[in-house]
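In numbering that gives the first Met the number 0, the protein residues as written are 0 to 106.
Following: one structure in structure tokens, then a few remarks.
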Amino acid sequence: MLNTKILKQSLSFSFLAVLYVVMISTIMQNASRFIGSDNDSMFAPMVFLLLLVISAATMGVLIFGKPVMLYIDGKKREAVQMVAYTISCLAIFTVLLFVVIAVSRVV
0 MLNTKILKQS LSFSFLAVLY VVMISTIMQN ASRFIGSDND SMFAPMVFLL
50 LLVISAATMG VLIFGKPVML YIDGKKREAV QMVAYTISCL AIFTVLLFVV
100 IAVSRVV
């Protein structure tokens, strides 16, 4: 059975995850403008690894934060539904992104 409240929350969490990915991608694309292009610096790998840890934590909270709270509250079915809806929405956003990329290359 489709739970529209959980679906709406999952859609919003998925959209926030996509926005976060877009923001990080934009920053990484333009990082040389902000930081410079010193390839011998030891700080670049450190910043990259810190960004990886922050990104994993952020995505973990966006995807699993609310479902864990639902699970702890005894709403196990809703928790599993929310994880499934969120991952499905992320997959749909990914497919849409691939379609946009493919269409933009053809045109």
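Built from N, CA and C at the ideal position, the CB exists for glycine as well.
- Per DSSP, reduced to three states, the secondary structure at K74 is coil, with no helix or strand assignment.
- Burial is judged here by how many other beta carbons sit within 10 angstroms of a residue's own beta carbon; L96 has fewer than 16 and is exposed.
- With at least 16 other beta carbons inside 10 angstroms of its own, I5 counts as buried.
- In summary, T85 is buried, with 16 or more beta-carbon neighbours lying within 10 Å of its beta-carbon over all protein chains present.
- A residue is called buried when at least 16 other Cβ atoms come within 10 angstroms of its Cβ; K65 meets this threshold and is buried.
- When DSSP states are grouped into helix, strand and coil, M81 belongs to the helix group.
- In the three-state DSSP reduction, V106 falls in the coil class, being neither helix nor strand.
- The Cβ neighbour count for F12, taken over all protein chains shown within 10 Å, is at least 16; the residue is labelled buried.
- Only residues of its own chain outside the window of five on either side were considered, and among them K65, M81 have a CB closer than 7 Å to the CB of Q8, listed in chain order.
- F14 and L89 have their C-alpha atoms roughly 8 Å apart.
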